[in-house]
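According to this note's numbering, the stretch in the sequence shown is residues 1371 to 1502, in order. Cβ atoms here follow ideal geometry from the backbone N, Cα and C, with glycine treated the same way. None of these values were measured; they are calculated from a predicted model.
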Amino acid sequence: MLGDRERGRDAVQEAFARALRSRGDLRRAASLHAWLWRTLVNVCGVEARHSFSSLDEAPELVPDGEPPDMFEVRTVIAALQERQRLVLFLRHYADLDYENIAEIVGIERGTVAATLRAARGKVRDAMTEVHP
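Okay, here's the thing in structure tokens:
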């Protein structure tokens, strides 16, 4: 069974292989950066659907030597709706702007803002419940 790092590395490799195979589609994309991220997001989405079909089958997070607060944050983020997790990841981990996120996810810029606001609110509320 592959660990998270190995799956991540395999997903990135597959995304670049797909990007090379479909490089003709780049002409229709607004930016190379967004196009590559969208390819990676699509590969990861396919992988996630094959890994488990419902949240009941999702792997349980374990602390893995992380500080307890970080484990709690990861657990809260894992419980978000898929689009909220994706938009939160693209904004805060990938450091993409709203326009690129909108292109990658296939939603309007205003929907990106609303999705981020909802995701941040859920994380804040959940963390407040854990640490009043």
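Residue burial annotation: A1404 is buried, with at least 16 other C-beta atoms found within 10 angstroms of its C-beta. Taken through DSSP and simplified to helix, strand or coil, Q1451 comes out as coil. Under the three-state reduction of DSSP output, E1478 falls in the coil class, being neither helix nor strand.
Residue environment for L1402: exposed (fewer than 16 other C-beta atoms within 10 angstroms of its C-beta). In the three-state DSSP reduction, A1464 falls in the coil class, being neither helix nor strand. K1492 and L1450 have their C-alpha atoms some 8 Å from each other.
Distance from the CA atom of G1394 to the CA atom of R1444, rounded to whole angstroms, is 37 Å.
The alpha-carbon separation between L1456 and T1498 amounts to approximately 22 Å.
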